[in-house]
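In the working numbering, the protein residues as written are 1316 to 1558.
Notes follow the structure.
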């Protein structure tokens, strides 16, 4: 959606929903800097503006995800009642605690920094900054887990070097590197991830009476997440699909 003069985020959500929109993402900060470690940008919306947008989205059954990096943009997103914070680099421990208290889901997209490093000259400034960003984000994930915040797996696939599918395995590895168990990391990719969308018929959990949507892979549980690259079958709502 685009905001023209006089058009608020809340108005845009309602108007665009009538045109078929089924997904709301609001950008409340700049991108994560690869030239200056820890650089933060100003928020683009106030708490009241975002809160109105969240209420508008909820009135039509949609959740709101907010792209936000840095302490102030993330704080505003959480206080406005957004459902998920995307990226959240350099948000700080107070925001990590806020997310845990408010039930806000965090999608840290750690693999973006790893991908940048893999496609950069190790001697370049960008590589060095990305490496520091990666380390800092892993530390934030570890703290968030300790505070009881809900983390969902997301990859920002489509970014340079971040490939659909393969990036999921990378992100699972990185979550494990941040101290999560395999079971916790898989929960981030399944039931936690389902909290980011408003779909009451899908919980991300295999249980009686729920849709049978799952992936079967060759290997033992101990082989995860590497074995996700060796898919045996995919089932969506009880019907087998071609991998």
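All residues carry an ideal CB built from backbone N, CA and C; glycine is no exception.
Does the Cβ-Cβ distance between residue i and residue j come in under 8 Å?
| i | j | result |
| --- | --- | --- |
| residue 1470 | residue 1528 | no |
| residue 1399 | residue 1380 | yes |
| residue 1355 | residue 1444 | no |
| residue 1501 | residue 1539 | yes |
| residue 1555 | residue 1549 | yes |
| residue 1395 | residue 1329 | no |
Enumerate in chain order the residues of its own chain whose CB-to-CB distance from residue i is below 7 Å, with the five nearest sequence positions on each side excluded.
| i | result |
| --- | --- |
| residue 1410 | 1386, 1389, 1390 and 1393 |
| residue 1512 | 1378 |
| residue 1417 | 1393 |
| residue 1525 | 1518 |
| residue 1446 | 1432 |
Kindly indicate which three-state DSSP category residue i falls into: helix, strand or coil?
| i | result |
| --- | --- |
| residue 1525 | coil |
| residue 1548 | strand |
| residue 1338 | coil |
| residue 1464 | coil |
| residue 1506 | helix |
| residue 1500 | helix |
| residue 1366 | helix |
| residue 1472 | strand |
| residue 1488 | helix |
| residue 1354 | coil |
| residue 1390 | helix |
| residue 1555 | strand |
Tell me the DSSP bridge mates of residue i?
| i | result |
| --- | --- |
| residue 1414 | For residue 1414, which the question treats as bridged, DSSP gives no partner whatsoever. |
| residue 1532 | 1546 |
| residue 1406 | DSSP lists no partner for residue 1406. |
| residue 1380 | 1340 and 1399 |
| residue 1420 | 1399 and 1465 |
Within its chain, find whatever has a CB closer than 6 Å to the CB of residue i; leave out the 5 residues flanking it on each side and keep chain order.
| i | result |
| --- | --- |
| residue 1474 | 1427 |
| residue 1456 | 1423 and 1493 |
Looking at the C-beta of residue i, does it have a partner C-beta in chain B at a distance below 8 Å?
| i | result |
| --- | --- |
| residue 1520 | No chain B appears in the structure shown, which is made up of a single protein chain. |
Here's a check: name, in chain order, each residue in its chain whose Cβ is nearer than 8 Å to the Cβ of residue i, leaving out the five neighbours to either side.
| i | result |
| --- | --- |
| residue 1382 | 1340, 1341, 1342, 1343, 1344, 1401 and 1402 |
| residue 1460 | 1466, 1493, 1494, 1495 and 1499 |
| residue 1306 | This structure leaves residue 1306 out entirely; the chain is present only between 1316 and 1558. |
Between residue i and residue j, how many whole angstroms is the CB-CB distance? I'm expecting something under 8 Å.
| i | j | result |
| --- | --- | --- |
| residue 1468 | residue 1504 | 4 Å |
| residue 1367 | residue 1415 | Incorrect: roughly 25 Å between the Cβ atoms, too far for contact. |
| residue 1510 | residue 1465 | 7 Å |
| residue 1507 | residue 1420 | 7 Å |
| residue 1521 | residue 1532 | With a Cβ gap of about 14 Å, residue 1521 and residue 1532 do not count as contacting. |
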